Structure formats: structure tokens, C-alpha cells
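Presented below is the structure to which this report refers.
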Amino acid sequence: MGHEQTNYKQGHSASTVSNHAIRTVDTDASFVLPHIKPTDRILDMGCGPGSITAGFTRYATQGSVVGVDLSEAVLDMARERAGSASTASISFVAADVLAGLPFPDDEFDIVFASQLFPHLQGDKTVRALREMRRVLKPGGVLATRDAAEIHWYPARLGLDRTMTRRMLRGIGSEGWPGGGLPAIVREAGFDVDADGSGPGVAGGKSRIGIGTTVHFGAEARTRFAEGFLGRLEEGDAYRKAWADAGITDSEVEESRAALTEWKATEDAWYLGIHTEILVWK
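Residue numbers (the numbering used here): 5 to 285.
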């Protein structure tokens, strides 16, 4: 079955994958870790290179972890990363959530997604969430983490304009989805109200919170900036996505120059603010 179009246009070049592989269970999934039982079966949606997926095996030691992505190429990288070091069963499956996941109803104890929803627009977000809910067991937890704000400091360097706004243009979006996700999760059929009962840490069947991503210090700043500089080189799918969005070569070079200056600026840093949702079925 053919895939419906998402706005994932970044490709899987070495530069893009290296930026995605920075994400781990400790940096991007810590909010769900206290809720994992050793016997859990976990689904990681949009798993990319599997850096988070593989980490889940340290917690579901008697269970299993399944990573799903559209791209067989990036799943091959994930399989190589997982290797034989896992203490739990781990597997990777190419599938399209919009076309239907190849799993029965009520299959997983935890369904996790990190930065999936910036790449879905319109009704595709709620459709994806409904399909994720279908494969979640009653009493299981949906855990999502998606960008709500991205800022680069010092502000005088202007990267909120030359990078953040153009990153959004490149994926065909006017804003990051994190802030609007609680309403969409409700539309998908979840109870997001906290009524003082049930398993949610904040009461009821849900917990809405925030997490952050910070790149500070010369080493972290250099690694992060060089990843983006690579993605903005001629021939990279990420740069092509910018061009397809109407971002000119001169604007790309302006962004590259701003990144280079930011990388070299002492005490410059990056802040991503993410909406983290836990909701029980």
C-alpha cells in the first residue's frame, strides 16, 4: 500500500541522522520511564535511527520493544545500532500509521512518539493518534513529546528568524504542534481531564507537562551546529525541502552564516521547549 503524503521531507542523510541520534531515552523519554514495567510491550512510533528505541530495552527487560518508521533505510541503521546489546526483544517494522499499523487491537502497554507530529498536518494528526490508540491496551499509556517552541541565544544573532522560522517553512508549518496537542489528543478519543483519580501523576487519566532540550557549551554547540550545516549543504534532502518551500539560496547561505557565528560565540545556546503528554486509555 502506498504511503499518504506527510510533510517529512528531511531525508536520512548522515547529517540528519546524526542530529536525530542525539535523542535518547534519558534526554527525550525520561517522563515515561517511571511508568514502564519490566514486562511491557512498547511501540516507538517514528523511531528513526532507534537511539530512543534501543534505550527502552533497559527498562522493559522481560518485555519487547518495536520501532516503526516509514523508511527501511533508517530502520537498517536502527537495527545495526540495536545490535546484540539489548536485554529485551527488539524489532523494527516499516509501516505507515496513516495507512494502518500491522498490529492487532490492544497490543501494546505503551505507545511512544517523539517529534512525530511536526510531520503531520491537518486531520492526519488526529488520524494517527486514533490508530495509535487502537493498538494501545486498555489501561496502557500514550506518551508523546513534540516541540512547542525553539529559540537560539543570544537573540542578537537572529537565529529565531534565520533558523527557526525557516525550519517551520521547510516542513510547511506555521508553528510547532506541541501547544495544540492536548486538544488533538482529546479529539482522538482520549480522556485528557485530570479529575483526581486514576493512574495519572497529576490525577485522572492524563498528565501534561514540558521538557527541554538544551545545547550549551563548545562541544555540544559545535556538534549541533555542524549537523545543521551539513543538512544545509547542496544535495541534502533537508536543503531541498527548504528550496521547495521557497527559501532562496541566498537565504540558506544567510542561515549557514548565522549558524557558523552562533557556533563560534562563547555562551551561545539553543533551547527547545517540548509538550510532554502522558494519557491512559
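Using N, Cα and C, we set each Cβ at its ideal position, and we do this for glycine too. Computed from a predicted structure; not experimentally measured.
The straight-line gap separating the alpha-carbon atoms of Ile40 and Glu257 is approximately 45 Å. Secondary-structure assignment with DSSP links Trp284 through a beta bridge to Val145. Per the C-alpha coordinates, the member of Gly184, His123, Ala187, Ser34 positioned closest to Met171 is His123. Where Leu37 is concerned, there is no enclosing alpha helix (DSSP H), because DSSP gives it neither an H nor an E. The criterion of a C-beta distance shorter than 9 Å is not satisfied by Trp156 and Trp284. For Pro53 against Val78, the beta-carbon gap comes to about 6 Å, under 8 Å, which counts as contact. A direct Cα-Cα distance of roughly 41 Å separates Pro38 from Glu237.
For Gly276, the secondary structure class from DSSP, reduced to helix, strand or coil, is strand. Per the C-alpha coordinates, the member of Arg45, Asp195, Gly231 positioned closest to Thr264 is Gly231.
Within the same chain, Leu37, Ile40 come within 7 Å of Tyr63 by CB-CB distance, once the 5 residues on both sides are set aside. Taking the C-beta atoms as reference points, Gly276 is found nearer than 9 Å to Glu153. DSSP links Ser68 through a beta bridge to Arg45, Ser93. The beta carbons of Val70 and Phe96 sit closer together than 9 Å.
In this model, Gly221 and Arg190 are separated by some 39 Å (Cα to Cα).
According to the DSSP assignment, Arg134 belongs to the alpha helix (DSSP H) that extends over 128-138.
Note on the region 170-250: whole beta strand (DSSP E) runs with a minimum of 3 residues are 210-220, in chain order. Distances from the CA of Phe112 to each of Ile212, Gln125, Glu255, Asp48 were compared; the closest alpha carbon is that of Asp48. In this structure Ile214 touches His278 by the C-beta definition: roughly 6 Å separates them, less than 8 Å.
Between Ile56 and Phe228, the CB-CB gap reaches or exceeds 9 Å. Assignment of Ala99 by DSSP, reduced to helix, strand and coil, places it in the coil class. Nearest C-alpha to Ala261 among Met167, Ala33, Gly59: Met167. Residue pairing by DSSP places Asp150 opposite Thr279 in a beta bridge.
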